[in-house]
Amino acid sequence: MTEEVLLAFLFTLFAGLATGIGSLLAFFTKTTNTKFLSFALGFSAGVMIYVSLVDIFVKAKESLVGELGEVGGNWLTVGSFFAGMLLITFIDRLIPNQTNPHELKKIEDMKKPGAVIKDPQLLKTGTFVALAIGIHNFPEGIATFVSTIQDPALGLAIAIAIAIHNIPEGIAVSVPIYYATGDKKKAFKLSFLSGLAEPIGAVVAFLILMPFLNDIMFGVIFAMVAGIMVFISLDELLPAAKKYDEAHISIYGLIGGMAVMALSLLLII
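Residue numbers (this note's numbering): 29 to 297.
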């Protein structure tokens, strides 16, 4: 179990710090590779939707049915799935629309002449975006941690999917902060720190959830994780992929993500 815990922390840290990759892309590339982002976001959504509905939900149901019987287990599985969706919806509602961390920004916007505007209000907005991403990433850290404890291969797949979707979030933090200050280091630091919410979520899961992690608790958490990841995919990843989209690339990414996840699950049977 010690090895699984360490691996779970590493995967969660990797996923969270991908916001820093987005920030670096903003500083060291000249244009946004919209085709790549569209495909990658669609791919991430495909991985998360497929693994949530085909693997995570099924494992949660098996665990709960085994403990509570057919009727009670099925009802609690479905209830927990939608409870996960309600939880992430509530978190989204806490975030003001004007600081939406999923509002797409392109690297080109930061390269425009006169883009730097020494505006304290803009700095405040960028800081709130970083805070919003931190709040939003917290349950993703729990999801990655718990999934890795149960199945390291599954945890790795989820960590990669979340890392991909954190890259444009890193850009979303960096751009307004750079606009406001002209300071790349400050923009990178806040982007980097916003990703630390995911390993913090893992620490909370380890300290609070692990001592109570029996079959019923595992089933409930896993079903909630499935609900959270389906919501994130439908509410964030696919709309973002479509905004960057060219020639249905996002749907090809979605299918590709599902296919890769399906193949990987077949190989570990």
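Every residue gets a Cβ at the ideal spot worked out from N, C-alpha and C, and that includes glycine.
Please read all numbers here as calculations on a predicted model, not as lab measurements.
With 16 other Cβ atoms within 10 Å as the buried cut-off, status of residue i
i: isoleucine 236; result: exposed
i: histidine 276; result: exposed
i: alanine 181; result: exposed
i: threonine 30; result: exposed
Nearest-angstrom Cα separation, counted from residue j out to residue i
i: alanine 43; j: lysine 89; result: 27 Å
i: alanine 36; j: tyrosine 78; result: 21 Å
i: lysine 270; j: proline 196; result: 14 Å
i: glycine 101; j: leucine 65; result: 39 Å
i: serine 80; j: histidine 193; result: 16 Å
i: leucine 114; j: valine 75; result: 21 Å
i: alanine 268; j: aspartate 211; result: 27 Å
i: glutamate 32; j: phenylalanine 173; result: 9 Å
i: methionine 289; j: isoleucine 279; result: 15 Å
i: methionine 286; j: phenylalanine 240; result: 33 Å
Proximal residues to residue i (C-beta, below 6 Å), its chain only, five neighbours per side dropped
i: glutamate 95; result: Asp243 and Ile244
Distance between beta carbons of residue j and residue i, contact taken as under 8 Å
i: isoleucine 170; j: glycine 97; result: Their Cβ separation, rounded to whole angstroms, is 27 Å, which puts isoleucine 170 and glycine 97 out of contact at 8 Å.
i: alanine 160; j: leucine 221; result: 13 Å between Cβ atoms; not a contact.
i: valine 201; j: serine 51; result: 7 Å
i: isoleucine 116; j: phenylalanine 259; result: 5 Å
i: leucine 104; j: valine 248; result: 7 Å
Closest by C-alpha distance to residue i, when choosing among the options
i: isoleucine 177; options: Ser202, Met238 and Val232; result: Met238
i: alanine 46; options: Phe118, Ala233, Leu294 and Lys217; result: Lys217
i: phenylalanine 85; options: Leu291, Met257 and Val288; result: Met257
i: leucine 282; options: Gly50, Ile49, Ala68 and Val33; result: Ala68
i: glycine 48; options: Leu34, Gly284 and Lys213; result: Lys213
i: glycine 284; options: Phe246, Ala189, Ala215 and Ala208; result: Ala189
Contacts around residue i, its chain only, beta-carbon distance under 7 Å, and the 5 residues preceding and following it disregarded
i: leucine 224; result: Gly44
Close-in-space but distant-in-sequence residues of the same chain around residue i (CB under 8 Å, 5 per side omitted)
i: aspartate 120; result: His164 and Asp263
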